[in-house]
Amino acid sequence: MDTNELFWQASLESIKKGYVEEEQYFTCVLCGEKVEKGIIYPYEELLYEAEKFMQKHIADAHQSVFHYLNGLNKKMTGLTEHQGQILRLFYEGKSDQMIKEELAIGSVATIRHHRFTLKEKERQAKVFLAMMELLKESSQKEESFVPIHKTATMVDERYNVTSTEEQQILQKCFSNGVGSKLVRFPKRAKQQIVILRAITNLLDIEKHYTEKELNAIIQPIYEDYVQIRRSLIEYGFIDRHDDGSAYWVKK
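For the sequence shown, full-length UniProt numbering begins at 1 and goes up steadily by one.
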């Protein structure tokens with residue numbers, strides 16, 4: 001299961017913690033990092049059992065689960081950039097007066113209004129979650145949608161792809177299976193995203209590739225490997241250094 005799927009399938013409690021407990025590992029739902037159970041991990045002259053070490057990983061790699069979630073794009077959080085800033089300052093324990101001064105906006109009353117608005121969104125979210133749970137219970141055969149990767153640059157209707165549609169697109173474009181030569185690279189962005197996701201899954205999430213190494217993986221799949229490489233970056237599947245010296249899967 002890739003990191004993106006792990007995140008979206010995790011329970012609310014697991015997302016709040018930032019990790020899930022599996023048979024042999026604690027796995028970070030934010031980046032996929034695994035910590036094996038039953039091992040004591042030394043770190044900065046201290047010893048950590050596995051779960052505590054996973055918590056240490058989250059603090060070191062992501063600052064906190066809150067900060068990671070708050071950094072997701074607004075299509076994921078439903079928050080404007082301004083609301084995200086204010087929510088972060090609330091989380092950090094800043095008073096209304098301190099927030100007013102730090103952001104140089106409005107008055108203390110304005111900040112209090114933002115608190116009320118965010119509380120209202122919380123109440124709406126609870127009602128919506130309850131409705132969606134009831135919907136799932138009443139529609140056991142409901143068609144599932146392919147999870148949107150957390151690093152997507154723009155989230156819109158192009159990502160409305162069901163699992164069935166995804167398989168149909170892959171079968172149509174990869175006549176000999178995913179990773180074989182593409183019959184064609186689709187013109188529709190919705191179908192391109194499916195293909196790009198499949199190609200990304202062929203990459204090692206822990207590895208940094210040179211441009212030559214990445215091209216060597218893509219070229220047997222599609223002759224115009226430059227277009228594929230560019231699209232992988234455009235849609236937020238991979239990232240690179242500005243000088244093109246290294247490419248890697250975005251987490």
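A virtual CB, placed ideally from N, CA and C, is assigned to each residue, including glycine.
- Residue state for residue 238 is assigned as strand, using DSSP reduced to three classes.
- Residue state for residue 36 is assigned as strand, using DSSP reduced to three classes.
- Linking residue 234 to residue 46 through their CA atoms gives a straight-line distance of about 42 Å.
- Pairing residue 68 with residue 30 gives a Cβ-Cβ distance under 8 Å.
- If you draw a 10 Å sphere on the C-beta of residue 50, you find 16 or more other C-beta atoms in it, and that means buried.
- Restricting attention to 9, 111, 19, 87, the CA atom closest to the CA of residue 56 is found in 19.
- Residue 27 carries a strand assignment under DSSP once its states are collapsed to helix, strand and coil.
- For residue 90, same chain residues with a beta-carbon under 8 Å away, outside a window of 5 residues either side, are 99, 115, 118 in chain order.
- Residue environment: residue 112 is assigned as exposed (fewer than 16 neighbouring CB atoms within 10 Å of its CB, all protein chains considered).
- By DSSP's assignment, residue 232 forms no beta bridge with any residue.
- In this structure, the straight-line span from the alpha carbon of residue 138 to that of residue 129 is close to 14 Å.
- For residue 223, DSSP records no beta bridge to any residue.
- Nearest to residue 167 by alpha-carbon distance, out of 197, 21, 105, 95, is 197.
- Residue 150 and residue 163 have their C-alpha atoms spaced approximately 18 Å apart.
- Burial is judged here by how many other beta carbons sit within 10 angstroms of a residue's own beta carbon; residue 171 has fewer than 16 and is exposed.
- Apart from the 5 residues on each side of it in sequence, residue 110 sits with its Cβ closer than 8 Å to the Cβ of 100 in its chain, given in chain order.
- Within the same chain, and ignoring the five residues on either side of residue 175 in sequence, the residues whose Cβ sits closer than 7 Å to its Cβ are 183.
- Counting along the chain, residue 49 sits inside no alpha helix (DSSP H), nor does DSSP assign it H or E at all.
- Judged by pairs of C-beta atoms under 8 Å, the segment 179-195 touches the segment 146-161, as three or more such pairs exist.
- The Cβ atoms of residue 250 and residue 237 lie closer than 8 Å to each other.
- About 11 Å separates the beta carbon of residue 17 from that of residue 27, a gap too long to meet the 8 Å contact definition.
- For residue 41, the enclosing beta strand (DSSP E) begins and ends at 41-43.
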